[in-house]
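Undergrad: Okay, so the sequence shown: first residue is -5 according to our numbering, each after it adds one.
One structure follows; several queries about it will come next.
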Amino acid sequence: MSSTHKAVRHDVMRAGNLAVVLGEIDRSGPLSRAALAERTGLTKTTVSKLVGDLIDGGMVVETGAVRDGERGRPGVAVRIHGGRVAALGLEVNIDYLAGCVVDLTRTVRLRRRLPADNRTAPPAEVLTRLGELGTALVREAAALGLAVTGAQLAIPGPIDPASAVVHHAPNLGWRDVPVADLLDVPVPVRVDNEANLAALGELWFGAGTALGDFLHVSGEIGIGAGVVVGGRLFRGAHGFAGEFGHVVVVPDGVPCHCGGRGCLERYAGQDVLLGAAPDLATLLDRLATGDPAATAACRSAGEALGVALTSAVHLLDPDTIVLGGVFAPLFAWLSKPVADAMASRLRRMRGTAVPNLIASQVGPDAATLGAAGSVIMRVIADPAAFLAETLSA
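This is the structure we're talking about:
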C-alpha cells in the first residue's frame, strides 16, 4: 500500500473516531478519558489524542475531576463546550423573518424576529433583508467569542434540498426561487422545509426528546407537518412529506392558494383564527374572557384540524401529536375540539389507541431552532470537517 493510501486511510479512520468520541460525550458526558475508552472500545492513548484535538478545536472542554471506579486517581472529565462553536438558524415565514444562534451545547445565545409582510415583497428583497439579519447575528456571535460554522434556512413550502430551489411556496407566492443564490450570509447555508425543521426543533429542544414516534403540526398562516419516526425525520420519496395544510377537509370548499379547494389551512390557519381578533395577543385576551366569536373560531378550527388529523393517524399511527406554532398558545381552546373530532372518528376502529395530544414546548421558535440544531448535529456527526475548516481559515 502506498504512503498516500495509508494517509487517506488514517484520515478516514481519525474522522470516524473523532465522531465516535464527540458523539459519546454529547450523549453521555461529562466523561473521563478512561470512561470514553471503555465506552467506545478505543485505546486510552487514541482517546487522549482525539480529546486533545477536540479541545484545541473548542468543541469540548475539561471540567472537574470524576472517579470512574473504586480504585485509582480520579480522572478529569470532558464535556461539550458552548463557548466556541455555534450555528445559525434562519426562517422566512409569511408574516415574519427570524433567526437564532445556538452553541454546541444547544443553548440559544441570540434570537431575533422581525415582523414583515413577505407576501407582497419580491423574493430577492425578502432574502436580502434576511441576509442582513443573518449577517448581523454572525457578527454579534463573534463578539461573544462564537464562531458560526454554518446556517440552515427554513422556508414554508416544498424544497429541493440538493439545489436549494423553492419550487412552489403558495402562501409566499414564490415559484422556482433559487434561494441559495439570493441569500448572502458569511457562512455556508442549506435550505429545508419549515415544517420539517419545526419537527426537528421539537425533537432536539422540546417535548420530542421524551417521545417516540410523533407528528408535529405547525400552525401558521399555512399549516405544515413533520413526521418523526424512531427519532428521525421522515421526508418521503421526494422530500415533500408533510404538506398537511393542503389535506382536503371540505370537498369543493373554499379555494386555496395551492390551486385546490377545501384545504385544511383555509379552515384552521392563522388567518382564519385571527378573523376573530386583529392579532394573537388580542385573540388570547378575548378567549380568556369567553368571547363567543373567538371561542367559536377556535372550536371550528379545532374541528377541521381534528378531521385532517384523523386521516394522518390512520396512515401514520403516531404515538403523539404535537401542536406547534400559533396552535401552541391556543392549545387550551383548540385541544378539546381536536380531540373530540379525532375520537369520534377513531375509537370505533382503534378502541383506546388514540394518540396523545400535547402543546409544543418550543412554540413559534421551533423552525429556527430546528434549523440551527441541524447544523449542530452535522458538526457532532463530522467534527473532522469542522476542524479542517478551522485550520484552513
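Idealized CB from N, CA, C, for every residue including glycine.
These numbers were taken from a predicted model, which means no experiment stands behind them.
1. Put L328 into one of helix, strand or coil per three-state DSSP.
2. Taking 9 Å as the threshold (beta carbon to beta carbon), is R107 in contact with chain C?
3. For the region 178 to 185 and the region 137 to 146, state whether three or more C-beta atom pairs, one from each stretch, are separated by less than 8 Å.
4. By Cβ distance below 8 Å, which residues in the same chain neighbour D20 in space, the five residues on each side in sequence not counted?
5. Taking the C-alpha atoms as reference points, what is the distance between A13 and L131?
6. Measuring only the C-alpha atoms, how far is K330 from G296?
7. With the cut-off set at 9 Å, would you say V166 and I149 are in Cβ contact?
8. Return the Cβ separation of V316 and I352 in integer angstroms, given the expectation that the two are a contact with Cβ distance under 8 Å.
9. Grab me the residues of A31's own chain with a C-beta within less than 7 Å of its C-beta, minus the 5 sequence neighbours each way, in chain order.
10. Any idea if S22 is buried or exposed, counting beta-carbon neighbours within 10 angstroms, 16 or more meaning buried?
11. On the three-pair Cβ rule with 8 Å, is the region 158 to 177 touching the region 120 to 138?
12. Using the rule of at least 16 other Cβ atoms within 10 Å of the residue's Cβ for burial, across every protein chain shown, is P245 buried or exposed?
13. Apart from the five residues just before and just after F234, which ones in its own chain have a Cβ nearer than 7 Å to its Cβ?
14. Mind listing, in chain order, the continuous beta strand (DSSP E) runs of no fewer than 3 residues lying wholly within the region 230 to 269?
15. For C257 and R27, I'd like the C-alpha separation in whole angstroms.
16. Answer with buried or exposed for D50, where buried requires no fewer than 16 other C-beta atoms within 10 angstroms of its C-beta.
17. Quick check: does the Cβ of L25 come within less than 8 Å of any heavy atom belonging to the ligand SAH?
18. Write down the C-beta distance between F321 and L328 rounded to the nearest angstrom, noting that I regard them as a contact closer than 8 Å.
19. Along the chain, where does the alpha helix (DSSP H) containing G125 start, and where does it finish?
20. Taking the CB atoms as reference points, tell me whether S212 and E237 lie closer together than 9 Å.
21. Return the chain-ordered list of same chain residues with a C-beta closer than 6 Å to the C-beta of E383, the five sequence neighbours on each side being excluded.
22. Please classify M343 as buried or exposed, where buried requires at least 16 neighbouring CB atoms within 10 angstroms.
23. Should P377 and M53 be called a contact, given that it needs their Cβ atoms to be closer than 9 Å?
24. Counting C-beta neighbours from all protein chains within 10 Å, is the total for P109 16 or more, i.e. buried, or is it exposed?
25. Check this for me: beta carbons of G195 and G364, under 9 Å apart or not?
26. With DSSP collapsed to three states, give me the class of A306.
27. In three-state DSSP terms, what is V373?
28. For A335 and D279, what's the separation of their Cα atoms in angstroms?
29. Suppose you measure from the CA of A302 to the CA of D170; what does that come to, to the nearest Å?
30. Using a Cβ-Cβ cutoff of less than 8 Å, which residues in the same chain neighbour S305 once the five nearest sequence positions on both sides are dropped?
31. What would DSSP say about R100, mapped onto helix, strand or coil?
32. E64 by DSSP, collapsed to three states: which one?
33. Could you check if P312 is buried or exposed, using at least 16 other CB atoms within 10 Å of its CB as the buried criterion?
34. Within its chain, find whatever has a CB closer than 6 Å to the CB of L205; leave out the 5 residues flanking it on each side and keep chain order.
TA: Here's the rundown:
1. In the sequence shown, residue 328 corresponds to position 334, counting from 1. Helix at L328.
2. Among the protein chains of the structure shown there is no chain C, as only one such chain exists.
3. yes
4. Position 26 of the sequence shown, counting from 1, holds the residue named residue 20. Correct list, in chain order: I74, I374.
5. Residue 13 sits at position 19 when you count from the first residue of the sequence shown. Residue 131 sits at position 137 when you count from the first residue of the sequence shown. Going by the C-alpha atoms only, they are around 28 Å apart.
6. On the sequence shown, residue 330 is found 336 positions in, with the first residue counted as 1. On the sequence shown, residue 296 is found 302 positions in, with the first residue counted as 1. If I take the Cα positions, the gap works out to 8 Å.
7. As a working note, residue 166 is residue 172 in the sequence shown. As a working note, residue 149 is residue 155 in the sequence shown. According to the sequence provided, residue 166 is Leu. The question's Val does not apply to it. Contact: yes.
8. One-based indexing of the sequence shown puts residue 316 at position 322. One-based indexing of the sequence shown puts residue 352 at position 358. Correct: roughly 6 Å between the Cβ atoms.
9. Within the sequence shown, residue 31 is the residue found at index 37, counting from 1. Cβ within range, chain order: T37, K38, V41.
10. As a working note, residue 22 is residue 28 in the sequence shown. S22 is exposed by the Cβ-count criterion.
11. yes
12. In the sequence shown, the residue the question calls residue 245 occupies position 251. Result: exposed.
13. For the purposes of this step, residue 234 is taken as residue 240 along the sequence shown, with counting starting at 1. These residues qualify, in order along the chain: P152.
14. none
15. For the purposes of this step, residue 257 is identified with residue 263 of the sequence shown, where counting begins at 1. For the purposes of this step, residue 27 is identified with residue 33 of the sequence shown, where counting begins at 1. When rounded, the distance between both Cα atoms is 56 Å.
16. One-based indexing of the sequence shown puts residue 50 at position 56. Exposed: under 16 other Cβ atoms inside 10 Å.
17. This structure lacks the ligand SAH, and indeed carries no ligand of any kind.
18. Start at 1 with the first residue of the sequence shown, and residue 321 comes out as number 327. Start at 1 with the first residue of the sequence shown, and residue 328 comes out as number 334. Right, their Cβ atoms sit about 6 Å apart.
19. Numbered from 1 along the sequence shown, position 131 holds the residue referred to as residue 125. It spans 117 to 137 - the alpha helix (DSSP H) in which G125 sits, taken as one unbroken run.
20. Taking the first residue of the sequence shown as position 1, residue 212 is located at position 218. Taking the first residue of the sequence shown as position 1, residue 237 is located at position 243. No, they are not a contact pair.
21. In the sequence shown, the residue the question calls residue 383 occupies position 389. Excluding residues up to 5 positions away in sequence, nothing lies with its Cβ nearer than 6 Å to the Cβ of E383 in the same chain.
22. Taking the sequence shown and counting its residues from 1, one reaches residue 343 at position 349. Exposed, by the Cβ-count rule.
23. For the purposes of this step, residue 377 is identified with residue 383 of the sequence shown, where counting begins at 1. For the purposes of this step, residue 53 is identified with residue 59 of the sequence shown, where counting begins at 1. Yes, they are a contact pair.
24. Here residue 109 corresponds to residue number 115 of the sequence shown, with the count starting at 1. That one is exposed.
25. Mapped onto the sequence shown, residue 195 falls at position 201. Mapped onto the sequence shown, residue 364 falls at position 370. For G195 and G364, yes; Cβs fall inside 9 Å.
26. Here the question's residue 306 lines up with position 312 in the sequence shown. Three-state DSSP puts A306 in a helix.
27. Mapped onto the sequence shown, residue 373 falls at position 379. Three-state DSSP puts V373 in a helix.
28. Counted from its first residue, the sequence shown places residue 335 at position 341. Counted from its first residue, the sequence shown places residue 279 at position 285. Spanning the two alpha carbons is a distance of roughly 25 Å.
29. In the sequence shown, counting from the first residue as 1, residue 302 sits at position 308. In the sequence shown, counting from the first residue as 1, residue 170 sits at position 176. One C-alpha to the other measures close to 28 Å.
30. Here residue 305 is taken as the residue at index 311 of the sequence shown, counted from 1. Excluding positions up to five away in sequence, the list reads V241.
31. On the sequence shown, residue 100 is found 106 positions in, with the first residue counted as 1. It is coil, neither helix nor strand.
32. Counting from one through the sequence shown, the residue named residue 64 turns up at place 70. Here E64 scores only 49 on pLDDT, less than 50, and its place in the model should not be relied on; the value that follows carries that caveat. Correct three-state label for E64: coil.
33. For the purposes of this step, residue 312 is identified with residue 318 of the sequence shown, where counting begins at 1. P312 comes out buried.
34. Start at 1 with the first residue of the sequence shown, and residue 205 comes out as number 211. For L205, where only same-chain residues beyond five positions count, the Cβ hits under 6 Å are T314.
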